[in-house]
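Using the numbering used here, the first residue of the sequence shown is number 188, and each one after it goes up by one.
Even glycine gets a Cβ: it sits at the ideal position worked out from N, Cα and C.
Data first, discussion second: the structure below is written as structure tokens.
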Amino acid sequence: MTTIERAEVFVAGPGRNFVTLRITTSDGVTGLGDATLNGRELAVASYLRDHVVPLLIGRDPARIEDLWQYLYRGVYWRRGPVTMTAIAAVDTALWDIKGKVAGLPVHQLLGGRSRDGVTVYCHASGTDIPSLLDDVARFREAGYRAVRAQAAVPDVGGTYGVRKGTGIYEPANAALPEEQLWDTEAYLRFAPTYLTAVREEFGFDFHLLHDVHHRLTPIEAARFGKSVEDAQLFWMEDPTPAENQEAFRLIRQHTTTPIAVGEVLTSIWDVQHLITEQLIDYVRTTVVHAGGITHLRRIFDLAALYQVRTGSHGATDLSPITLAAAVQVDLTVPNFGIQEYMEHAEVTREVFPSGVTLSDGLLDVDDTPGLGVEYDEKAAARYPYDPKYLPVARRRDGSVHDW
Ligand code: GCO
Ligand code: MG
């Protein structure tokens with residue numbers, strides 16, 4: 188019988204920190220899984236190295252479902268981002284191996300294509316409205332069919348989602364968390380004006396999205412959703428923190444702006460009520476933080492029953508392994524909505540050579556067996572782990588706010 192012979196955990200910082208699991212079978216087939224949890228990378232690395240790898244050695248790599256159940260139920264302590272990211276890495280690597288053994292890309296194992304390509308949204312941002320409009324123009328010219336728009340609230344240094352200069356937006360920027368100012372009232376006054384300006388300038392012939400990034404109370408979110416209805420957003424994302432899920436019922440009573448939630452949620456039980464009570468329109472769980480391909484498909488199938496569509500998280504702190512896995516899944520799911528896409532830095536792409544292509548606003552993969560992504564261990568060794576934290580937000584009175 189083929190067995191799992193080796194499972195190695197790599198922590199490296201090509202452009203930003205990534206944790207990668209590589210499983211090797213007794214037949215010499217390798218599979219990759221992303222295990223990156225932004226700002227808590229070493230917790231997942233230790234969970235894998237110290238508590239999961241010893242359980243994998245000698246097991247049958249073909250039994251993906253059984254290993255998922257074994258790692259989930261067998262631990263007694265359930266759910267949570269560290270556990271679910273570690274399980275995700277194992278699951279993703281095993282799907283990669285299964286594809287390579289079968290000689291098929293993972294989307295074929297999942298039932299084959301439901302679509303020709305995966306519609307993505309990109310991140311446009313500006314330090315003011317004119318620079319945001321320039322950025323939207325740039326992405327429209329590059330062929331994107333969907334654009335997320337974020338602009339810096341005047342005099343509020345801690346606005347989420349605004350790139351500095353022309354580089355890649357990377358909020359995890361300091362060895363200790365940077366403290367940033369937040370002002371809800373200023374945001375509520377300003378954000379609708381630039382979303383309206385984008386529509387006035389470019390019309391309605393593309394999807395426009397916006398990420399509130401968990402910063403409003405339910406009634407503020409309701410007010411925000413109402414105030415941007417004329418801009419016909421594809422979605423407003425994370426309008427309020429998802430811990431209080433009843434909040435979304437309140438928001439929905441006031442606005443028809445669609446709601447997307449789920450990038451910080453890690454299991455089907457965390458999204459159960461959001462989906463079954465139709466409190467959201469898009470579920471943003473991902474391969475890497477929600478238990479891998481096996482568990483994500485379960486979430487997406489539940490969502491399909493309630494006409495909730497998918498919109499997986501895809502920021503740069505999810506490695507190219509997750510992006511490749513996301514495209515494999517997105518190609519197949521009937522209730523696909525959209526996929527977030529931020530291009531990784533060149534050094535990241537050097538370490539993770541990937542077959543994912545972008546053309547005309549759609550991501551795609553070819554028929555390379557497995558996930559179609561590799562890990563260049565030698566190149567990775569040139570970029571050591573470098574501790575980096577996401578910022579913390581504080582209100583004008585100095586109290587902590589949701590970042
Ligand atoms: C998004 C997200 C990210 C997160 C980041 C945290 O919608 O892309 O909100 O930008 O802030 O992934 O690690
Ligand atoms: Mg987000």
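>> Just verifying my parser: in three-state terms, what is the DSSP assignment at Tyr308?
In response: Strand, per DSSP.
> Are the Cβ atoms of Val470 and Val451 separated by less than 7 Å?
Replying inline: Result no, Cβ atoms of Val470 and Val451 do not sit closer than 7 Å.
> Is Val465 helix, strand or coil by DSSP?
Replying inline: The sequence shown places Gln at residue 465, not Val. Here Gln465 sits in coil by DSSP.
> Is Phe391 buried or exposed, if buried means 16 or more other CB atoms sit within 10 Å of its CB?
Replying inline: Exposed, since its Cβ has fewer than 16 Cβ neighbours within 10 Å.
> Leaving out the 5 sequence neighbours to the left and right, which residues in its chain are closer than 7 Å to Pro428 when beta-carbon positions are compared?
Replying inline: Closer than 7 Å at the Cβ level, and outside the excluded window around Pro428, lie His401, Asp589.
> What is the DSSP secondary structure of Gly220, counted as helix, strand or coil?
Replying inline: It is a strand residue.
> Buried or exposed: where does Glu387 fall if 16 or more other Cβ atoms within 10 Å of its Cβ makes it buried?
Replying inline: Around the beta carbon of Glu387, fewer than 16 other beta carbons sit within 10 angstroms, so the residue counts as exposed.
> For Thr149, which of Asp425, Asp417, Phe205 has the nearest alpha-carbon?
Replying inline: One cannot answer for residue 149 here, as it falls past the ends of the chain, which runs 188 to 590.
> In three-state terms, what does DSSP make of Ala276?
Replying inline: Taken through DSSP and simplified to helix, strand or coil, Ala276 comes out as helix.
> With 16 other CB atoms within 10 Å as the buried threshold, where does Met188 fall?
Replying inline: So Met188 ends up on the exposed side.
> Does the beta-carbon distance from Gln337 to Ser312 come in below 7 Å?
Replying inline: Inclusion of Gln337 and Ser312 in the CB contact set at 7 Å is warranted, their separation being smaller than that value.
>> Are the CB atoms of Asp278 and Gly559 within a distance shorter than 7 Å?
In response: Cβ atoms of Gly559 and Asp278: not closer than 7 Å.
> Does the ligand GCO have even one heavy atom less than 6 Å from the beta-carbon of Ala596?
Replying inline: The requested residue 596 is not part of the displayed model; the chain covers only 188 to 590.
>> Strictly under 7 Å for the Cβ-Cβ distance: is Thr509 near chain C by that measure?
In response: Absent from the structure is chain C; it holds one protein chain and no more.
> DSSP three-state call for Ile191: helix, strand or coil?
Replying inline: Reduced to three states, the DSSP call for Ile191 is strand.
>> In chain order, what are the residue ranges of uninterrupted alpha helix (DSSP H) at least 4 long that sit wholly in the region 311–359?
In response: Taken in chain order, the complete alpha helix (DSSP H) segments of 4 residues or longer contained in the region 311–359 are 316–328.
> Asp342 to Gly449, Cα distance in whole Å?
Replying inline: Taking the straight line joining both Cα atoms gives about 30 Å.
>> If I measure Cβ to Cβ from Glu366 and keep anything under 6 Å in the same chain, skipping five residues before and after, which residues do I get?
In response: Within the same chain, Cβ atoms closer than 6 Å to the Cβ of Glu366 are found at Val579, Arg581, the five residues on either side in sequence being excluded.
> Are Tyr570 and Pro268 close, meaning C-beta to C-beta below 7 Å?
Replying inline: Taking 7 Å as the Cβ cut-off, Tyr570 and Pro268 do not qualify as a contacting pair.
>> Run the Cβ filter for me: residues under 6 Å from any heavy atom of the ligand MG, listed in the order they occur in the chain.
In response: Result (chain order): Asp398, His400, Glu424, Asp425, Glu450.
>> One question on the structure: do Leu258 and Tyr562 come within less than 7 Å of each other, judged by their Cβ atoms?
In response: Cβ atoms of Leu258 and Tyr562: not closer than 7 Å.
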